[in-house]
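A short worksheet on the structure shown next.
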Amino acid sequence: PLCDQMCEANAKLEELSLGSGSVTPVIRAAVAETDRIRTETRIAMLDHFYAVAAELPPERRKEYLLKVLPLVIDSCGSR
Numbered sequence: 241p242l243c244d245q246m247c248e249a250n251a252k253l254e255e256l257s258l259g260s261g262s263v264t265p266v267i268r269a270a271v272a273e274t275d276r277i278r279t280e281t282r283i284a285m286l287d288h289f290y291a292v293a294a295e296l297p298p299e300r301r302k303e304y305l306l307k308v309l310p311l312v313i314d315s316c317g318s319r
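Going from the sequence shown to my numbering is simple: count from 1 and add 240.
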């Protein structure tokens, strides 16, 4: 699952970072991998949220999305 992938990628990044004194190409690649997994996770979460919202009565969809979207989107207080 994506959670396991993220934990593994984070652990690798931590290990590489602790063993280095600078941002190396390997560390850059490890950061990119954590970002790739995070992006994949966010897309999967959005797909799930939209599927759930589609099952709700129309008047409750926006309320539901406003509650769950902060788990995926940093709105910076835009509400």
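Ideal placement from N, C-alpha and C gives every residue a C-beta, glycine not left out.
*Give me the Cβ distance between ASN250 and THR274, rounded to the nearest whole Å; I'm assuming they're in contact under 8 Å.*
By a beta-carbon distance limit of 8 Å, ASN250 contacts THR274. Their separation comes to about 6 Å.
*Please determine, among GLU255, TYR304, ARG300, the residue with the shortest C-alpha to C-alpha distance to LEU286.*
Its Cα nearest to that of LEU286, the residue TYR304 stands out among GLU255, TYR304, ARG300.
_Simplified DSSP state of LEU296, which is helix, strand or coil_ = The answer is coil: DSSP assigns LEU296 none of H, G, I, E or B.
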